[in-house]
Each structure stands twice: as C-alpha cells, then as structure tokens.
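Protein chains: 2
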Amino acid sequence: MSTYYCQTMSEKLVRILNAATTCIARSGVRGMRVNDVAAEAGVSPGLLYYHFTDRAGLLAATLEHINKQVSKDDPSSPNSVDPSRHVRHLLLDEIKDDADVRRNSVAWNELRACTIFEQELAEPLSRTTTEWNREIAQALAAANEGTSEEEAAVTAEILTSLVEGISGRWLNGFITTEHARWLLTTAIDSLTATRPASPQETATQGLGK
Amino acid sequence: MSTYYCQTMSEKLVRILNAATTCIARSGVRGMRVNDVAAEAGVSPGLLYYHFTDRAGLLAATLEHINKQVSKDDPSSPNSVDPSRHVRHLLLDEIKDDADVRRNSVAWNELRACTIFEQELAEPLSRTTTEWNREIAQALAAANEGTSEEEAAVTAEILTSLVEGISGRWLNGFITTEHARWLLTTAIDSLTATRPASPQETATQGLGK
DNA sequence: GCATCTTGACTGAAAATTCAGTCAGGATTA
DNA sequence: TAATCCTGACTGAATTTTCAGTCAAGATGC
Numbered sequence: 006m007s008t009y010y011c012q013t014m015s016e017k018l019v020r021i022l023n024a025a026t027t028c029i030a031r032s033g034v035r036g037m038r039v040n041d042v043a044a045e046a047g048v049s050p051g052l053l054y055y056h057f058t059d060r061a062g063l064l065a066a067t068l069e070h071i072n073k074q075v076s077k078d079d080p081s082s083p084n085s086v087d088p089s090r091h092v093r094h095l096l097l098d099e100i101k102d103d104a105d106v107r108r109n110s111v112a113w114n115e116l117r118a119c120t121i122f123e124q125e126l127a128e129p130l131s132r133t134t135t136e137w138n139r140e141i142a143q144a145l146a147a148a149n150e151g152t153s154e155e156e157a158a159v160t161a162e163i164l165t166s167l168v169e170g171i172s173g174r175w176l177n178g179f180i181t182t183e184h185a186r187w188l189l190t191t192a193i194d195s196l197t198a199t200r201p202a203s204p205q206e207t208a209t210q211g212l213g214k
Numbered sequence: 006m007s008t009y010y011c012q013t014m015s016e017k018l019v020r021i022l023n024a025a026t027t028c029i030a031r032s033g034v035r036g037m038r039v040n041d042v043a044a045e046a047g048v049s050p051g052l053l054y055y056h057f058t059d060r061a062g063l064l065a066a067t068l069e070h071i072n073k074q075v076s077k078d079d080p081s082s083p084n085s086v087d088p089s090r091h092v093r094h095l096l097l098d099e100i101k102d103d104a105d106v107r108r109n110s111v112a113w114n115e116l117r118a119c120t121i122f123e124q125e126l127a128e129p130l131s132r133t134t135t136e137w138n139r140e141i142a143q144a145l146a147a148a149n150e151g152t153s154e155e156e157a158a159v160t161a162e163i164l165t166s167l168v169e170g171i172s173g174r175w176l177n178g179f180i181t182t183e184h185a186r187w188l189l190t191t192a193i194d195s196l197t198a199t200r201p202a203s204p205q206e207t208a209t210q211g212l213g214k
C-alpha cells in the first residue's frame, strides 16, 4: 500500500482526522465523503469504521478535533503583552492569510451552518463559543479597568459575533483579508471607546484611541 | 403563447422554487431531496428536470430566488419615519419570531455557507450584500448628518456583518430572539454614538474586492 | 498465537435521473 | 364547424448512480 507506513495507531488516527478536516474545508460537512477521507488519509475506508463506528462518529470526532485546533491558539501569554493589543490579536488571529487558519475557519463555518439542521452538533459548538466569549471578555476587562464585567461580556459577545459575520464574507471571497482585518479593527476601536452607559464623559482610560 | 399557458407555467415554477426554499430551510442545501421538492410543490419529479435540467440547476435557480426574496424587503418608506429608528428597523427586521423571516434567514444562511464551496453562486450573493450595505449606509447618513458618507459606509458594513454573525447564533438556538435583538441594538447604539472625530479616522479602502 | 489493526471488494438502501407516454388546447385544413 | 395534426407541459415507473456501511481475510506486533 502506501510507501510511507504509519506504525502507531494514534498517528493514523490523526491522519484521518486531518484528512477529514481537509475534506470538510474542501467541500463542506455535507460534501464530505467517507471514501474521500480514507483516500486523503491514505487508508482504507474500513479503517474509518473500525475506529469511528460510522460517519456520524467520524464527524463528531473531527469536529472535536477542529474545535481543539481552534481553541488551542493564543500562544502569547496575556500578562506579558499590552492588554489592549491582546484583545486585537485574539480576534484578528481568526482572519489571516494562512492556510491552516483559513482551513480551520472554513471548517468552523461549516460546523456552525450545519448545526442549524443537526442539533446534536450544538453542544460542543456552544461550549467553544462560550469559552471564546469568556476569553475575550477577560481580555477586554484587563484592557480597560473602567469597564464592568457585564459590559465586557456584552462587548465580547458582539465582537465574536462580528468576527463570525466578517469571516463569512472573507471566506467566500467577498472581501479581502486586509479589508476584513481593517473592518474588525475599526469595530474594536469603536466598541471599546467610551461606552454609552456613561454619557460622554470619561476620557482618561488606558484604552482610549 | 397564450396567457393561460404562461400563467400556468410561471405559477408552477414559482411553486417549485418556493417548495425548494422550504425544503432548504427545513434540511439544508445538501438535505434537499428533489423528490421532496416535487412533493412539496405538488408536481412530479420529472417536471423539475424538464424545467431545471438537473439538481444543480434547480439549486441555482432556487438560490437566486432566495436572493430576490431577501432583497425585496423594506416596506416602510424611509421618509415617513424617524431616520434613526429606520436604521434600527432595517436591521432588527432580520431577526424576529416570524416563520417567514426565519425561513428566509435559514435559507440565506445556507446560501452564504454554500457559496464558499460553489463559487458560481458568489456573484448574486455579493450583489445583494452590497445593495444591503448601501441601503443601511444611506439610512445611517440620514440619521446622523454629522457623519460622512465614508464613515456611514464602514459602519453599515460592520453592522450588516454583525447581523449575519448574530443571525448564525440565533438560528442554531444558541441565543434567543430577544437576546439577539438586544445585542444588535446595543451594538447599533455604540457604533453610531457621536464621538469626537479622531485625526486618523479616514480610510483608503474601497468596498468589496 | 492471540489481539489488534488494516484492507478493499462488496452490499443495499436511498437518491438522482431518464424516458416513454398522456393530455389539454391551439393551429390547420377542408 | 368539425376533423386532424401538433406542440409542449407534465407524469411516474423504471433505471442508474452514489455512498455509507459490512465482512472475510491478511498484516502487524507483543
């Protein structure tokens, strides 16, 4: 069979999951063919059933895999960095000219779209989204001490939703990477400027632009 | 052609396209079965092939149809209404507890998700989105005379992206209608609040690609 | 030599697509 | 006016295709 032989189980499993991610990024969750995944991974179709029981199992495992990829970003330690830059990085890192970032984004986008019709996918998606919101809210709070936790949570929710909306347009080629990032930056600036809660006072926050 | 024939034909065509939209909203583009569409429309499967050649043709026609449905909204005349309320309405109308609104939103969401993999769908989608942006930008400019056209365009682009992002979470049941609308309202308030004009506000970006 | 992995041809159900035929109604002819 | 021809929308059973899932048997490793 394949010249390069993978001996360990886990290595093949990872190959399969990556292959599945690639297939999903290529033609969507709905377009993913089990046989294509097997071919992409360089294994036989039967092996997928041995490991994952059925298509749904493969899908679930793959989505969890994608989920992990998406969560395990953020290499920069929050404390060592200017907090207001930290927020920017966390959000902007979702949109850039990098094959892996794009691949994950496509897959993530698919996952979201699919979940509308396959409610059993909702749980991990919801979990990850909540976590992401929390992370952003924390970073926002750290960046601007005048902001209440509640306010930060709301702003975080708006910003993460916005990232998803902008990503959609970016992924289908409607806007460029540059423009997407610039839009996002503009929105961050605007949303983290003086809040409506306290009329038009407050000018000396650390984050003011 | 006799009028009768034309009416009959177009009536059935419309029935088919509406049936397809319903099926897509019910189970997604990939979940759409041509026999189900035929049954839903009350015609035979063969008729779909007679008119649309194949499944892909039916899909393309349906997505164009959805596109049209989505564009022809906005019944309230801009002039008769408080402009700042007008913006709100235009955006908030995309998210509400109404079967038709939801159906269109689901279908529209599917269309967007699909376009990532079927590039030939991009053009009409992009056109509709641009139009929507323009409409919102106009409404924004009308609501706040101090705003430049450029600024309004950017804000509009952010807001429409945000609507799409929030819609995604709303449609998959992750947030309630109330919360979605509230988030959107909050964002509108924040993004349209009058701020002291900052020096480097200008942008050299064009819209689109 | 036992358990774990892996293969790939095969199966069957479901879905897409085809096509021979029906029918309504309009045109042509006489 | 009526008999005949013609067109093309429409039908639905039959056929083809697609794909998830199975299985018997071979490899690998401990």
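Which chain is which? The protein sequence lines are V and E, in order. Going by my numbering, the first sequence opens with residue 6, and the numbers climb by one from there. Going by my numbering, the second sequence opens with residue 6, and the numbers climb by one from there. All C-beta atoms in this analysis are idealised placements derived from N, C-alpha and C, irrespective of residue type, glycine included.
Within-9 Å CB hit, residue i to chain E
i        : result
V:Leu188 : yes
V:Ile100 : no
V:Thr57  : With the sequence shown as reference, residue 57 of chain V is identified as Phe, and Thr is not the correct amino acid for it. For V:Phe57, the answer is no, since every Cβ of chain E falls outside 9 Å of its Cβ.
V:Ile171 : yes
V:Thr26  : no
V:Arg90  : no
V:Leu96  : no
V:Val19  : no
V:Ala192 : yes
V:Asn4   : Given that chain V is displayed from residue 6 to residue 214, the structure contains no residue 4 of chain V and the question cannot be resolved.
V:Leu145 : no
Span of the alpha helix (DSSP H), counted from its first residue to its last, around residue i
i        : result
E:Asn114 : Ala104 to Thr120
E:Ile141 : Ala127 to Ala148
V:Val86  : No alpha helix (DSSP H) holds V:Val86; DSSP gives it neither H nor E.
E:Ile163 : Glu154 to Leu176
E:Gln74  : Arg60 to Ser76
E:Phe57  : Pro50 to Phe57
E:Glu183 : Thr182 to Thr197
V:Gly33  : Met14 to Gly36
E:Asp5   : Because residue 5 of chain E is not part of the residues shown, which for chain E are 6 to 214, the question remains open.
Buried or exposed by the 16-neighbour rule on C-beta atoms within 10 Å, applied to residue i
i        : result
E:Glu16  : exposed
E:Arg174 : buried
E:Val75  : buried
E:Asn40  : exposed
V:Gln124 : exposed
V:Ser166 : buried
V:Glu156 : buried
E:Ser172 : buried
E:Leu22  : buried
V:Val86  : exposed
Within-9 Å CB hit, residue i to chain V
i        : result
E:Arg139 : no
E:Gly213 : Bear in mind that the predicted position of E:Gly213 carries a pLDDT of just 39, short of 50, making it unreliable; the figure below should be weighed with that in mind. Answer yes: the Cβ-Cβ gap between E:Gly213 and chain V drops below 9 Å somewhere.
E:Arg300 : There is no way to answer for residue 300 of chain E, as the model of chain E reaches only from 6 to 214.
E:Val168 : yes
E:Thr34  : Per the sequence shown, residue 34 of chain E should be read as Val rather than Thr. Yes, because at least one Cβ of chain V sits closer than 9 Å to the Cβ of E:Val34.
E:Thr134 : yes
Proximity test, residue i beta-carbon vs the ligand FMN heavy atom, cut-off 8 Å
i        : result
V:Glu123 : Among the components modelled here there is no ligand, and therefore nothing to report on the ligand FMN.
Using Cβ-Cβ distances below 7 Å, what residues of the segment 149–165 of chain V are close to chain E?
Those would be Val159, Glu162 and Ile163, in chain order.
Looking at chain E, which residues of the segment 98–131 of chain V have a Cβ within less than 8 Å of any of its Cβ atoms?
Result list: Val111, Asn114, Glu115, Arg117, Ala118, Cys119, Thr120, Ile121, Phe122, Gln124, Ala127, Leu130 and Ser131.
Give the residues from the segment 39–73 of chain E that approach chain V closer than 8 Å (Cβ to any Cβ), ordered along the chain.
For the segment 39–73 of chain E, no residue has a beta-carbon sitting nearer than 8 Å to a beta-carbon of chain V.
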